[in-house]
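For reference, the structure discussed in these notes is given below.
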Amino acid sequence: MPGLLTKNDDILRKWKNLLETRDNIDSLQARKHWNEALRLGFPEKTQEDWRCIPLDWLLNQKFVLPNPVILSLNIVIEYALPIDALRLVFVDGRFSSELSDAEHDPFTIHIIPSASQKEAFKTPIYPEFFLHLTESLVDQVTFIHLASGKKAMRPLYLLHVTTGSGYSHCSASNKLYTSGYRCHLQQDSSSEVVVIEHFITVNSSSYLNMARFTANIGNNSKFKHYYFSFEDSSGYHFSHNDLNVGSNTHAESHNFLLGSRLTRHQTSVKLYGDSSRLILNSLMIPIGTEVFENRTWLEHTNASCNSQQLHKNIIYDCGKAVFNGTLKVSLHAPKTCAQMSNNNLLLGSTGEVYTRPQLEIYNDDVQCGHGATISCINEEQIFYLGTRGIKKSIAQRMIIDAFCSEVTEFLSNSLLKEAVQKRITDRIGG
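FYI, in the numbering used here the residues of the sequence shown are 1 to 430.
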């Protein structure tokens with residue numbers, strides 16, 4: 001019928017109304033990203049990159065901005081990781097100076113309107129629809145600068161708190177309280193930093209979180225990044241991390257996707273310098289009917305770089321895990337050494353796994369490989385442990401812990417490791 005809106009057109013109209021409510025559509029950068037989102041269109045199930053993701057869950061939702069809420073410091077302390085770190089707190093997408101540390105040394109931190117974004121850190125490495133939607137929705141950017149030669153003695157802890165309709169209220173309607181988070185790190189040469197991103201919810205209101213973290217990592221630097229999605233199963237989480245890595249640099253990114261009803265996380269990395277090393281790991285544990293997707297895009301553009309990727313998934317109940325990884329080696333990147341692995345452990349007969357590791361290699365002088373495995377708990381292992389007097393339930397947990405350990409061993413801070421292990425236990429039971 002001429003003039004009748006399709007559901008895909010309708011959801012775009014809802015998001016446009018939300019942008020106009022926030023007045024963010026008046027921003028030049030927001031308009032550019034929104035126009036790009038319109039050009040791409042809301043993803044269709046027929047598109048290969050989206051066929052495993054139930055985006056129809058979003059179609060009948062009503063997207064609204066969170067009600068203003070003031071959190072007490074006690075609530076933040078209750079939910080925050082108990083670590084010694086420089087803490088910046090963001091509530092429903094906006095920076096809270098009252099809940100954050102006042103001293104930022106050795107960092108320089110500016111909270112700027114999204115309209116003031118610079119081209120140097122807004123250009124995506126591998127763009128897609130929800131990245132542009134995120135950029136159009138955020139109305140402030142946290143710009144973090146670490147000067148050349150500086151070493152951050154404490155981690156930089158970015159705590160993202162979603163309250164939905166407010167801490168003391170829950171919503172039973174189809175409202176999705178929608179927030180956008182945007183942070184950028186400019187790390188100059190010969191510097192060192194650990195960055196922790198932590199996403200939590202403080203009630204069971206339905207929500208839609210969209211986040212983007214970008215980093216320009218200078219030459220001869222060390223960068224370590226931890227990403228913890230510990231959200232409630234009543235919401236949706238779409239996130240993007242973009243890392244530009246210089247020469248002679250050691251960079252790590254460890255992603256733990258352990259929450260929300262639907263998660264789609266993308267890490268894009270460009271190694272644009274020589275002789276750098278990247279470690280990129282992830283752990284996903286979808287339970288119930290949750291759907292988690294982890295996507296990676298890694299491009300080697302210069303010589304003699306090394307990258308190691310390990311992505312592990314545990315699928316419980318009727319959960320679904322999706323891995324899409326692309327490793328690209330350009331013509332000008334000889335002596336590249338790169339490996340990408342995806343291992344999946346099915347706990348139950350109704351879980352689903354979709355895995356698609358891909359290589360694009362345009363240089364012959366490289367050592368590259370990729371692989372994927374899907375397995376269940378081995379009954380022979382259970383029997384062997386049983387002969388040692390170990391109960392079946394404990395034996396299963398030992399196997400699960402061993403499966404996770406290849407990723408969790410990169411948590412050098414014991415308190416971080418304990419927090420992740422507790423989250424895993426909460427997800428799959430003791």
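Even for Gly, the Cβ is constructed at its ideal location relative to N, Cα and C.
Taking the CB atoms as reference points, tell me whether residue i and residue j lie closer together than 9 Å.
i    : j    : result
V407 : L310 : yes
H237 : A211 : yes
S190 : S148 : yes
Q61  : S206 : yes
S304 : L280 : no
I125 : E299 : yes
K312 : C376 : no
S230 : H265 : This sequence places Phe at residue 230; Ser is not what is there. Not in contact: F230 and H265 (Cβ atoms no closer than 9 Å).
F42  : L55  : yes
M284 : L258 : yes
L146 : R87  : no
L271 : N302 : yes
T326 : N306 : no
Taking 8 Å as the limit between beta carbons, can you name the residues of its chain near residue i, skipping five residues before and five after?
i    : result
V202 : L71, I75, Y79, V161, T162, T163, Y167
A395 : Q381, I382, L385, G386
Within the same chain, show all residues whose beta-carbon is closer than 6 Å to that of residue i, passing over the 5 residues directly before and after it, in chain order.
i    : result
N324 : R295, R356
N216 : Q186, N244
Y227 : E197, N255
E20  : none
Helix, strand or coil, according to DSSP, for residue i in the structure here?
i    : result
V89  : strand
G386 : helix
F129 : helix
A30  : helix
M284 : strand
R356 : strand
S405 : helix
E103 : coil
V69  : coil
T425 : helix
For residue i, which beta-bridge partners are listed by DSSP?
i    : result
Y177 : V64, Y207
D242 : T214, S268
H332 : Bridge partners of H332: none, in fact.
I374 : N344
S229 : F199, L257
P113 : Q140
C337 : N306, Q367
G325 : T296, P357
V193 : F223
In angstroms, rounded to a whole number, what distance separates the CA positions of residue i and residue j?
i    : j    : result
L81  : P66  : 24 Å
E373 : R22  : Looking at the sequence provided, one finds Thr at residue 373 rather than Glu. Each residue's Cα considered, the two are about 45 Å apart.
L131 : N363 : 30 Å
A338 : V322 : 21 Å
V269 : L40  : 22 Å
D365 : M153 : 39 Å
K483 : F410 : The requested residue 483 does not occur in the structure, where the chain is confined to residues 1 to 430.
D401 : R427 : 13 Å
K431 : P106 : Absent from the structure is residue 431, since the part of the chain shown begins at 1 and ends at 430.
I382 : F90  : 45 Å
T134 : Q29  : 12 Å
S171 : Y177 : Any reading at S171 must be qualified, since the residue scores a pLDDT of 45, below 50, and its modelled position is unreliable; the value itself is stated next. Between S171 and Y177, the C-alpha separation is close to 10 Å.
I111 : L331 : 39 Å
Please check if any C-beta of chain D sits within less than 9 Å of the C-beta of residue i.
i   : result
L28 : The structure shown contains no chain D; it is built from a single protein chain.
Apart from the five residues on each side of it in sequence, which residues of its chain come closer than 7 Å, Cβ to Cβ, to residue i?
i    : result
T267 : N241, S253, N255, L280, T296
N343 : K312, T373
I11  : F42, L58, L59
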